[in-house]
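Note that the protein sequences, when read in sequence, are chains A and B.
Letter by letter, the first sequence follows residues 1 to 984 of the UniProt record's numbering.
Letter by letter, the second sequence follows residues 1 to 316 of the UniProt record's numbering.
We treat Cβ as the ideally placed atom computed from N, Cα and C, and that holds for glycine.
Remember, predicted model here, so these are calculated numbers, not experimental data.
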Amino acid sequence: MLSYKQNPDPSGLHSRRMNRKKDKGFEICINNINFQRKSVIGYVELTIFPTVMNLNRIKLNSKQCRIYRVRVNDLEAPFIYNDPTLEVCHHESKQRNLNYFSSAYTAAVSAVDPDAGNGELSIKVPSELWKQGDEMKVMKVYIEFSLDQPKGGLHFVVPDVDGSMAERAAHVFSFGNQNSTRFWFPCVDSYSELCTWKLEFTVDASMVAVSCGDLVETVYTHDMRKKTFHYMLPIPTAAPNISLAVGPFEILVDPYMHEVTHFCLPQLLPLLKQTMSYLHEIFEFYEEILTCRYPYSCFKTVFVDEAYVQVSSYASMSIFSTNLLHSGMIIDQTPVTRRCLAQALAQQFFGCFISRMSWSDEWVLKGISGYIYGLYLKKTFGVNEYRHWIKEELDKIVEYELKMGGVLLHPTFSGGKEKDNPTPHLHFSIRHPHTLSWEYYKMFQCKAHLVMRLIENRISMEFMLQVFNKLLSLASTASSQKYQSHMWSQMLVSTSGFLKSISNVSGKDIGPLIKQWVDQSGVVKFFGSFAFNRKRNVLELEIRQDYTSSGTQKYVGPIKVTVQELDGSFNHTLQIEENSLKHDIPCHSKSRRNKKKKIPLMNGEEVDMDLSAMDADSPLLWIRIDPDMSILRKVEFEQADFMWQYQLRFERDVVAQEEAISALEIFPTPASRLALTDILEQDQCFYKVRIQACFCLAKIANSMMSTWTGPPAMKSLFTRMFCCKSCPNIVKTNNFINFQSYFLQKTMPVAMALLRDVQNLCPKEVLNFILDLIKYNDNRKNKFSDNYYRAELIDALTNSLTPAISINNEVRTVDNLNTDVRLILEEITRFLNMEKLLPSYRNTITVSCLRAIRMLQKNGHIPSDPSLFKSYAQYGHFVDVRIAALEAVIDYTRGTHFVLTTNFLCLSFSMLGKLGPFSWSGIFFIFQLVCLLQRLGHNTISPNLMLIFSIYREVLHPSYVQKLFSFIIFIKERYSFTILTGKS
Amino acid sequence: MADSVVMGSGSLNSGSRSGSSKTSTSPTDNYQLARRRTLQVVVSSLLTECGFESAEKAAMETLTEMMQSYYRTNMFHYITEVGRCAKATCEHTARSTPTLSDVVITLVEMGFNVDTLPVYAKRSQRMVITAPPITNASVVPKALIAGQKRTHPTYIPSHFPEFPDPHTYIKTPTFREPVSDYQVVREKAASQRRDVERALTRFMAKTGETESLFKDDISAFPLIAAKPSAIPYLSALLPSELELQTLEETDSSEQDDQTDTENNSSNVSQDDQSADKENVVLPPGGVVPTGKANEENMIDNPYLRPVKKPKVRRKK
């Protein structure tokens with residue numbers, strides 16, 4: 001039993017919209033949760049303060065709820081329920097193509113948009129109350145509803161074992177994409193409608209109900225078999241930020257902060273303790289930089305199975321995937337989980353406590369939370385990791401925008417005309433969060449925090465934090481104003497408000513910056529090259545731009561260029577203008593002097609360099625364009641290989657090192673080899689740079705195949721670093737206490753396996769070396785688990801595979817198995833079987849084995865057959881395993897001649913049904929299907945798309961059409977698969 | 001009683017004979033067969049004395065049975081009854097071995113005129129029955145003597161059983177020079193582990209369902225079939241016992257490595273921390289355990305508070 005009340009709140013919010021919006025306090029009460037039938041019964045009660053005269057119709061959001069009765073001030077009220085997204089296109093519609101669907105879907109979503117005062121549920125206020133409405137008196141709307149087998153909003157996890165629901169670890173939790181609270185109770189499902197909440201949940205005595213706000217009390221029901229959890233959330237909160245999790249959770253009160261409580265599923269408590277031992281530091285960090293206390297009086301974390309996303313934040317609580325939990329022995333998962341915690345906590349401040357005015361202000365929230373999360377990364381994982389992350393994110397957004405078209409942070413929709421689409425290049429409308437593609441939204445968030453960083457570069461971090469502090473303190477003042485709900489709009493952030501704060505605090509005009517990156521989509525693409533003019537001792541730099549291809553924009557403004565010369569490093573700020581391509585930069589040093597002298601670097605360090613490689617006429621060591629990444633750009637810069645090598649060796653910035661490594665890939669020379677090897681050996685060097693150097697070295701070695709001397713690349717290095725002194729063929733027993741060398745030890749074999757000899761085979765020496773690593777791997781004395789290491793050794797075996805020499809399609813049998821492959825297969829079989837007896841953390845080894853088997857199949861060493869993967873893809877395996885298996889199945893359908901039959905379709909759909917709704921399987925399944933269609937020559941899905949939708953309708957609830965829709969777009973983006981108009 | 005006596009002696013005898021007996025039957029059976037055969041000879045000779053020339057097998061059997069039975073106590077089973085009574089008489093006088101006089105008394109008891117016995121024994125037409133062939137006294141094989149047999153210490157009376165052979169209770173250590181070459185040790189450990197793993201997985205694969213990568217030869221590279229579990233995250237997330245064990249071992253060994261000063265300082269700080277950050281763990285029921293109440297009272301967390309009883313009927 002669960003009952004949940006949104007408190008009669010005194011709001012009477014600003015009616016800032018055109019509609020006759022009234023605003024409300026809310027009381028919701030759900031009376032029963034049935035795990036067996038997966039159903040929920042309850043009621044909601046809203047207290048409304050009309051802000052307009054003659055309020056006679058109230059519109060609320062509700063999806064998939066069955067509504068029994070509606071009463072307004074104790075009078076029965078008639079109501080109409082209409083969800084236009086249930087049937088987006090009419091069956092008899094002649095237009096059957098994606099564009100038509102897209103616009104129809106957008107229209108359907110708009111029709112129920114709460115921000116426009118619309119909703120699925122339309123309640124007619126009884127005529128007796130009209131007069132009262134005119135006097136703008138309080139109205140109470142009471143709605144009884146139930147949910148049966150919800151396909152969205154609430155997710156039930158009920159393991160199929162014996163025992164009571166608590167023993168079976170059955171649990172239920174809310175989830176959703178953006179504002180999806182309407183899926184589990186009728187409400188005004190908008191981020192901008194705030195109210196206070198009273199929530200009541202009656203659940204089985206063995207269960208715990210975790211929800212937003214403070215737990216006031218827990219009371220048994222009269223039969224003592226159930227208990228009711230009463231929650232109060234006095235801080236005005238929007239309905240989409242309300243959540244619920246019910247299950248037989250184990251409770252852990254945070255040892256450092258007693259107002260923080262953690263919940264996990266039975267038996268996982270030791271992992272929870274380990275995972276959460278760190279949370280207080282994140283709290284301290286955010287409170288310190290924001291100089292603001294955590295806004296809620298308590299915080300709860302709940303770890304659930306089959307979570308929709310890894311992290312989701314709601315008012316005063318966060319729901320995480322249970323797969324983030326780890327024991328103290330796991331190295332790789334620890335930073336990942338800590339990042340997730342930090343993200344969740346950042347969103348508590350910006351996203352939950354401070355909500356957004358409208359969808360087009362979303363970027364501010366995502367930007368700020370992403371930005372302070374970045375500050376946390378910098379503090380915890382170091383500047384190198386931070387810069388590496390920024391570069392990674394920048395590369396991601398640049399790649400996406402150049403490939404797919406621009407990402408617009410702050411779209412303005414004038415007049416609501418569909419023709420004014422600000423993003424005509426996209427196949428979907430960005431008008432609503434529900435019509436977006438997931439990939440686009442991911443990139444949107446990525447761009448948002450990068451833009452925040454640009455703002456920081458402009459106004460300084462100090463001012464930036466002051467702005468955040470100001471937003472927070474205004475909001476917390478407003479939130480304590482119980483009876484002046486018009487103040488509550490201070491808790492909503494808008495683009496204009498944010499910009500105003502910035503100009504107030506910093507006194508700087510960031511208008512151009514905002515115009516460039518926020519109001520406009522696209523990134524900048526630079527091409528740079530240079531020449532040194534010896535006579536004038538001037539560096540002639542040419543910077544060109546490509547602003548015509550899709551996803552690009554023209555940049556005008558300053559750009560920083562750093563030139564490392566013999567006499568030191570110098571920064572120059574150039575002005576990029578309309579027509580100026582060439583820039584002359586005077587050099588400080590005369591060319592090569594014979595004096596031996598240390599060379600000063602940017603950071604003040606002075607180093608000895610071997611200058612023999614460089615051009616004797618030029619004092620230039622290397623040049624960097626926009627080293628601080630203060631433009632969202634892609635730079636293709638040309639400089640000589642020795643300059644890249646110097647940059648790699650001596651530039652201390654990890655971003656520069658990484659750029660140099662990727663540039664060196666096209667210079668397979670002994671000098672590049674030496675530079676990379678040196679980096680690999682340097683302990684002080686950032687480990688991710690060294691990892692990247694491994695792969696680059698493998699590529700270079702392959703290009704230099706004919707001239708390569710000595711043992712295979714990295715072998716002697718690995719031997720020196722990780723093998724026994726007395727017997728170099730045997731690896732030391734594992735000791736992963738030094739994480740950096742652990743990561744290197746893991747990666748080097750994987751990179752080595754990419755080496756190829758003249759016959760394009762993996763050298764025998766390397767293969768045997770990897771097999772020996774597996775054989776002599778000994779983890780008995782290690783404090784940490786070696787599951788990731790072993791998994792990577794299998795990946796190394798996978799990498800070593802090359803296509804089998806096949807004599808006219810002979811059938812693969814055991815007898816004609818290549819001897820090397822036989823050894824590999826032997827190892828994989830053993831690993832995969834051992835995993836059944838001693839499963840590894842997150843089944844990493846199974847995942848690697850499945851990939852390896854698929855690779856063996858693909859290369860024609862063993863018969864290609866998807867049946868093994870199908871069994872691993874079933875519901876009931878760990879999600880990582882299922883994903884790996886599904887990927888293999890999809891790969892199979894891509895790689896073979898496959899006949900699409902109706903049977904296969906049916907089979908696939910029934911398989912999907914079994915897979916369960918939540919894992920990513922849906923996406924992969926669609927991939928599979930689309931790839932199938934593509935193989936069959938349907939380069940356009942058109943009628944087929946409708947077919948997919950109609951079949952899907954049987955499997956999934958219509959509410960999933962939206963998600964599905966994004967899947968299709970996602971595939972289109974990923975596989976550049978044309979989804980165009982078909983026959984009309 | 002009689003049975004037990006006979007059986008008892010039988011088994012004793014058979015015990016001594018067992019060494020030499022090479023037949024497939026067990027010594028006890030052997031003994032009983034021999035005994036029965038002798039009895040049959042006796043019965044036949046008595047019958048001959050009485051003037052019978054032949055007897056049916058069944059009649060013979062019945063008479064033999066009457067003279068002696070291992071299985072039932074019956075007045076007609078004469079010899080058994082004699083033995084049983086003699087034993088009883090002897091035990092009555094607190095002895096364990098029947099003497100001649102016991103037998104005599106028994107016979108008297110049974111109404112047998114003992115005086116006639118010598119006469120009967122010396123009758124002229126009596127047939128002499130040859131003694132059953134005695135198998136050669138068994139040669140007790142020499143037990144391997146390992147070490148000196150221990151004599152009783154003074155406080156154990158000499159009639160107590162002797163100590164068993166020393167090898168049954170004395171360990172005999174054998175020494176071999178341990179292999180100390182690092183490479184060989186690692187090699188051995190690695191191949192041993194691999195062999196164990198391979199054997200184990202092969203066994204598991206043979207005894208359960210399997211999947212195969214090859215259609216033509218299912219037995220090559222057998223893979224244990226993947227079985228979905230109801231709660232897959234448990235096995236995937238929780239460390240296996242083996243790992244936990246390793247962790248404990250490495251933890252303890254690490255502490256050994258630490259110097260004393262390090263140990264002290266870290267211990268102190270750990271104590272401090274654990275004092276105020278004792279994790280509070282509750283079962284999902286939310287019942288506060290009574291122990292350590294003080295400490296937990298200080299932690300005011302709503303989830304730790306006891307569940308209230310319903311007071312008044314709350315409106316629905």
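Mind reading off the beta-carbon distance from L234 of chain B to F221 of chain B? Whole number of angstroms is fine, and I expect it under 8 Å.
Position 234 of the second sequence, counted from the first residue, corresponds to residue 234 of chain B. Position 221 of the second sequence, counted from the first residue, corresponds to residue 221 of chain B. Contact between L234 of chain B and F221 of chain B does not hold, since their C-beta atoms are separated by about 29 Å, which reaches or exceeds 8 Å.
Any C-beta of chain A under 8 Å from that of P232 of chain B
Here residue 232 of chain B is taken as the residue at index 232 of the second sequence, counted from 1. Chain A contact via Cβ: present.
With a cut-off of 8 Å, does the C-beta of T380 of chain A fall near any C-beta of chain B?
Stepping through the first sequence from its first residue, residue 380 of chain A is reached at position 380. Chain B, which has no Cβ nearer than 8 Å to the Cβ of T380 of chain A, makes this no.
Kindly confirm or deny that the region 237 to 256 of chain A and the region 196 to 213 of chain A touch, where touching means at least three C-beta pairs closer than 8 Å.
With the cut-off at 8 Å, the region 237 to 256 of chain A and the region 196 to 213 of chain A touch.
I want to know whether the region 110 to 118 of chain A touches the region 152 to 163 of chain A - three or more CB-CB distances under 8 Å.
Touching, no, given that fewer than three Cβ pairs across the two stretches are closer than 8 Å.
Got a sec: which bits of the region 868 to 885 of chain A sit with their beta carbon under 7 Å from any beta carbon on chain D, in order along the chain?
Within the model displayed, chain D is absent; protein chains A and B are what it includes.
Return helix, strand or coil for Q125 of chain B, following the three-state DSSP convention.
The sequence position of residue 125 of chain B within the second sequence is 125, counting from 1. Coil, per DSSP.
Cβ of A671 of chain A within 8 Å of any chain B Cβ
Working through the first sequence from its first residue, we reach residue 671 of chain A at position 671. By this cut-off, A671 of chain A is not an interface position.
Restricting to Cα atoms, I'd like to know which of A:Q516, A:K525, A:T221 and A:G551 is closest to R544 of chain A.
One-based indexing of the first sequence puts residue 544 of chain A at position 544. Taking only the C-alpha atoms, the option nearest R544 of chain A is A:K525.
Reducing DSSP to helix, strand and coil, say where M629 of chain A ends up.
Start at 1 with the first residue of the first sequence, and residue 629 of chain A comes out as number 629. When DSSP states are grouped into helix, strand and coil, M629 of chain A belongs to the coil group.
In chain order, what residues of the same chain have a beta carbon less than 6 Å from the beta carbon of A307 of chain A, not counting five sequence neighbours either side?
Translated into positions along the first sequence, residue 307 of chain A becomes position 307. Here the set comprises S321.
Alpha-carbon to alpha-carbon, V158 of chain A and A170 of chain A
Reading the first sequence from its first residue, position 170 is the one you call residue 170 of chain A. Reading the first sequence from its first residue, position 158 is the one you call residue 158 of chain A. Each residue's Cα considered, the two are about 4 Å apart.
P248 of chain A - DSSP class collapsed to helix/strand/coil:
Counting from one through the first sequence, the residue named residue 248 of chain A turns up at place 248. P248 of chain A falls in the coil class under three-state DSSP.
With respect to the alpha helix (DSSP H) encompassing R194 of chain B, which residues constitute its N-terminal and C-terminal limits?
In the second sequence, the residue the question calls residue 194 of chain B occupies position 194. From DSSP, the alpha helix (DSSP H) with R194 of chain B extends over Y182 to T207.
Which one of A:E638, A:Y687 and A:P670 has the shortest CA to CA distance from residue 1059 of chain A?
No answer is possible for residue 1059 of chain A: it lies beyond the span of chain A, which begins at 1 and ends at 984.
State yes or no: is the C-beta of N504 of chain A within less than 8 Å of the C-beta of T291 of chain A?
Reading the first sequence from its first residue, position 504 is the one you call residue 504 of chain A. Reading the first sequence from its first residue, position 291 is the one you call residue 291 of chain A. No, these two residues do not count as a Cβ contact at 8 Å.
Could you give the DSSP three-state label for K137 of chain A: helix, strand or coil?
Along the first sequence, one-based indexing puts residue 137 of chain A at 137. DSSP places K137 of chain A in coil when its eight states are reduced to three.
Count the other CB atoms within 10 Å of the CB of N82 of chain A; is the residue buried (16 or more) or exposed (fewer)?
As a first step, residue 82 of chain A is located in the first sequence; it is residue number 82 there, counting from the start. By the 10 Å Cβ count, N82 of chain A comes out exposed.
Collapsed DSSP secondary structure at R851 of chain A in the structure displayed:
By one-based count along the first sequence, residue 851 of chain A stands at place 851. R851 of chain A sits in a helix when the DSSP states are folded into three classes.
In or out: N833 of chain A buried (at least 16 other Cβ within 10 Å) or exposed?
If you number the first sequence from 1, residue 833 of chain A lands on position 833. In the assembly as shown, N833 of chain A is a buried residue. Its beta-carbon has 16 or more other beta-carbons within 10 Å.
Determine the chain B residues that contact A169 of chain A at a beta-carbon separation under 8 Å, and present them in chain order.
As a first step, residue 169 of chain A is located in the first sequence; it is residue number 169 there, counting from the start. Chain B residues near A169 of chain A: I231.
Using 8 Å as the limit for Cβ to Cβ distance, is H155 of chain A near chain B?
Here the question's residue 155 of chain A lines up with position 155 in the first sequence. The beta carbon of H155 of chain A sits no closer than 8 Å to any beta carbon of chain B.
Quick one: grab the DSSP three-state call for Y68 of chain A.
For the purposes of this step, residue 68 of chain A is identified with residue 68 of the first sequence, where counting begins at 1. DSSP places Y68 of chain A in strand when its eight states are reduced to three.
Per-residue DSSP class, three states only, for T97 of chain B:
Here residue 97 of chain B is taken as the residue at index 97 of the second sequence, counted from 1. Look at T97 of chain B here: in three-state DSSP terms it is coil, with no helix or strand label.
Chain-ordered residues of the region 821 to 834 of chain A with a beta carbon less than 8 Å from chain B:
Flagged, chain order: L825, E826, T829, R830, L832, N833 and M834.
Kindly provide the ranges of any alpha helix (DSSP H) runs that are 4 or more residues long and lie completely inside the region 787 to 844 of chain A, ordered along the chain.
Within the region 787 to 844 of chain A, the alpha helix (DSSP H) runs of at least 4 residues that lie entirely inside it are, in chain order, 787 to 799 and 819 to 837.
Alpha carbon to alpha carbon, what distance is there between F160 of chain B and A121 of chain B?
As a working note, residue 121 of chain B is residue 121 in the second sequence. As a working note, residue 160 of chain B is residue 160 in the second sequence. Take the alpha-carbon of A121 of chain B and the one of F160 of chain B: they are about 43 Å apart.
Does chain B have any CB closer than 8 Å to the CB of N843 of chain A?
Against the first sequence, residue 843 of chain A aligns to sequence position 843. Closer than 8 Å to some Cβ of chain B, the Cβ of N843 of chain A qualifies, so yes.
Go to C90 of chain B, then tell me how far its alpha helix (DSSP H) extends in each direction, as first and last residue.
Here residue 90 of chain B refers to the residue found at position 90 when the second sequence is read from its first residue. For C90 of chain B, the enclosing alpha helix (DSSP H) has its first and last residue at Y78 to H92.
Report yes or no: do the region 294 to 313 of chain A and the region 339 to 352 of chain A share at least 3 C-beta pairs separated by less than 8 Å?
A contact exists between the region 294 to 313 of chain A and the region 339 to 352 of chain A.
Helix, strand or coil at A531 of chain A according to DSSP, with G and I counted as helix:
Position 531 of the first sequence, counted from the start, is the residue given in the question as residue 531 of chain A. Three-state result, A531 of chain A: strand.
Taking the straight line between their C-alpha atoms, what separation do you get for D641 of chain A and A663 of chain A?
As a working note, residue 641 of chain A is residue 641 in the first sequence. As a working note, residue 663 of chain A is residue 663 in the first sequence. The alpha-carbon of D641 of chain A is positioned some 8 Å away from that of A663 of chain A.
F52 of chain B burial status per 10 Å Cβ neighbour count (16 or more: buried)
By one-based count along the second sequence, residue 52 of chain B stands at place 52. Around the C-beta of F52 of chain B, fewer than 16 other C-beta atoms lie within 10 Å, and the residue is accordingly described as exposed.
DSSP state of H326 of chain A, grouped into three classes?
Sequence index remark: in the first sequence, residue 326 of chain A carries index 326 (1-based). Coil at H326 of chain A, not helix or strand.
Residues near V750 of chain A in its chain [Cβ-Cβ closer than 7 Å; skip 5 each side]:
Translated into the one-based positions of the first sequence, residue 750 of chain A becomes position 750. Here the set comprises E792, D795, A796 and N799.
Please confirm whether any heavy atom of the ligand MN lies closer than 7 Å to the CB of F49 of chain A.
Although the ligand MN was asked about, the structure shown includes no ligands whatsoever.
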